[in-house]
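Residue numbers (mature numbering (1 follows the signal peptide of the UniProt record, and there is no 0)): -29 to -1, 1 to 624.
Okay, structure first, notes after.
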Ligand code: GCB
């Protein structure tokens, strides 16, 4: 149901992404542990103002032809200040930058601490991007250090050998970034050249997309430099099992740089007390009387995390190298039955939202005030969960989900997979790589209880069966501990991906996109939707989207579409069916959407999608109060702590 423009021909689309054709083929090596300050590691933030230029040359390729990365960017032409992290689209008054498609260039000069560069070769310096949308090439002092495809996951490069040669001299980081989407990117898109000279200027083209949010681009998440010793902890994987009185934490640690090292591990509780110790690269820690990680509103102390301290020691040329990394660990289990979703053995009902990374001015750039405000609103609402519609969110957001006990369905950027060519081998291989990168990043997060490999693909097409069978099998092989789903809006009898999922996630917009204005059809149609899916698959079902646009301040009684009353009335009709079916096999409801968000312009979008229960500026519409009452009521009914949940303020840490 996404309202994007439909995909057109691909004439010349690749001209905008000449280097994309190289393809990376596999997830870049390395564990990509989140950079933290530890006794052996330092971190330097590179946020702030970067130099910026969009390449408006006809082929968008002047930057490569003239090798802009060879010299300071300001010496190759005019530059403007661009904040990082942020999308570049809404920063200036220039509509051609807002809608720009092609390569843009960023640059930052940074002085590194001498202690990182001096003397021995035992310090490793790494440059890491939390995300940059969509395709990135990075140079340091004119030397290419990394290329990365995909706009929502981190990538990094060891730049030690480049920066060590020039202590005291600023190090120049240049990034070329391309936001073009093709049938084989994730999300897919297509470039359409308009060749009718009577209607369009020369070389006119548009980016077609089949998803319903603005394709914001830029360096969206923090860029940091960090250090490790030259022999270092590269990756840690933990999984947990538990009963009431004892939990096991299985771990695996990989070390890079030497084969001669020793590892010791200690698990500390929140008081700093060591509750278990271990050694070696793999093993199991036993925790007696564990504090389990519980979702928000299921326990008076949700989001409990231990700290796993991993210490590595190695002898290198007679010197002792030590690396230390601290990983937060939540102990919890997840199981799916034919009618329930169990967290720590107790039924969990998802009463939550779908979100977007989206806000005025910064677009999809990470913004701490916005992030914290959103978590405060979620908890005010009594929401216990969200889906990262329709791409992985920032690690900093995921950290807060872990800490606050907000349960996450972690979705990859597989949105708008509609064109037949997007089901071919090239797309499939890339999708597998994206799942590898996503699981590598989020595998240790207790908040993540399920992977979603796509949103509303054309899963009725014949190649969708093999495609989703493969992506889901790959995901399960990478992480056998979590269920896998994708979100569908295809009829239950036609969907070819559903046989492979653990939980059915269905989107429907009865009385909005279908039978617009007819609220009275909802009970019948929604009941039939649930019964048909359940009869066919005997798997638990989440209503993963439902909702209505409302323009804040627009009122109408009886309710008419786009008024606040209509949005409320539609929600109430859906809720009465949910209340019947959640006694059976419906395990969740996620409103579309948490807040209004920007989309492409179109005849059905009034400055974006208005299905938020909050405005884009995070003010509640009337529907937010309906949902708040409902979510708190459900929480009180289903909590294992009946009398405790009286007010949300108890749960704000
Ligand atoms: C959907 C899509 C979502 C859209 C929404 C809508 O089914 O999954 O991305 O924004 O409908 O409002 O059209």
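By construction, the Cβ of each residue, glycine as well, lies at the ideal position given by its N, Cα and C atoms.
beta-carbon residue i near the ligand NAD non-hydrogen atom, thresh 7 Å
i	result
residue 460	For the structure depicted, the ligand NAD is absent and the ligand set comprises only the ligand GCB.
Straight-line Cα distance separating residue j from residue i
i	j	result
residue 128	residue 144	12 Å
residue 50	residue 24	5 Å
residue 48	residue 41	13 Å
residue 485	residue 528	21 Å
residue 73	residue 541	41 Å
residue 295	residue 604	45 Å
residue 221	residue 597	43 Å
residue 336	residue 185	13 Å
residue 594	residue 106	38 Å
residue 110	residue 136	16 Å
residue 419	residue 313	13 Å
residue 84	residue 19	18 Å
residue -8	residue 108	Because residue -8 carries a pLDDT of 40, less than 50, the predicted location of this residue cannot be relied on, and no value is offered for it.
residue 32	residue 146	14 Å
residue 235	residue 280	8 Å
residue 87	residue 567	45 Å
residue 209	residue 194	26 Å
residue 649	residue 301	Past the edges of the chain, shown from -29 to 624, lies residue 649, and the structure says nothing about it.
residue 500	residue 491	15 Å
residue 591	residue 599	10 Å
residue 133	residue 141	12 Å
residue 115	residue 130	10 Å
residue 360	residue 207	27 Å
residue 171	residue 67	16 Å
residue 126	residue 99	6 Å
residue 572	residue 584	21 Å
Contact test: residue i Cβ vs the ligand GCB heavy atom, cutoff 7 Å
i	result
residue 516	yes
residue 473	no
residue 361	yes
residue 486	no
residue 582	yes
residue 182	yes
residue 347	no
residue 426	yes
residue 563	yes
residue 478	yes
Cβ separation of residue i and residue j, assumed to be a contact under 8 Å, to the nearest whole Å
i	j	result
residue 408	residue 124	4 Å
residue 517	residue 475	At roughly 15 Å, the Cβ-Cβ gap does not stay under 8 Å, so residue 517 and residue 475 are not in contact.
residue 467	residue 436	4 Å
residue 548	residue 494	6 Å
residue 229	residue 305	In fact, because the Cβ distance is near 36 Å, the residues do not count as touching under 8 Å.
residue 223	residue 253	5 Å
When the options are compared against residue i, the one with the closest alpha-carbon
i	options	result
residue 443	456, 76, 227 and 181	456
residue 97	266, 197 and 169	197
residue 175	366, 239, 70 and 258	70
residue 510	537, 558, 345 and 583	558
residue 154	398, 590, 216 and 447	398
residue 77	189, 12 and 30	189
residue 250	244, 218 and 238	238
residue 477	401, 245 and 513	513
residue 460	488, 450 and 431	431
residue 342	246, 365, 332 and 65	365
residue 395	439, 498, 544 and 378	439
residue 576	489, 291 and 520	520
residue 102	328, 482, 526 and 387	328
residue 225	330, 270 and 282	282
residue 363	422, 231 and 330	422
residue 386	346, 323, 445 and 458	458
Below-8 Å beta-carbon distance, residue i vs any chain C residue
i	result
residue 76	The question asks about chain C, but that chain is absent: this structure has only one protein chain.
8 Å CB neighbourhood of residue i in its chain, flanking five on each side removed
i	result
residue 37	47
residue 389	-23, 159, 181, 428 and 429
residue 539	530, 593, 594 and 597
Contacting residues, own chain, Cβ-Cβ under 6 Å from residue i (five flanking each side not counted)
i	result
residue -6	Only weak support exists for where residue -6 lies, its pLDDT of 47 falling under 50; the coordinates are left without a value.
residue 318	311
residue -3	404, 407 and 408
residue 28	none
Cβ neighbours of residue i in the same chain (closer than 7 Å, five flanking residues each side left out)
i	result
residue 373	274, 276, 299, 301, 416, 417 and 418
residue -15	Residue confidence is low: residue -15 scores 47 on pLDDT, short of 50, so the model does not pin down where it sits. Its coordinate-derived value is still stated next. Excluding sequence neighbours, residue -15 sits near 30.
residue 303	211, 263, 264, 314, 315 and 417
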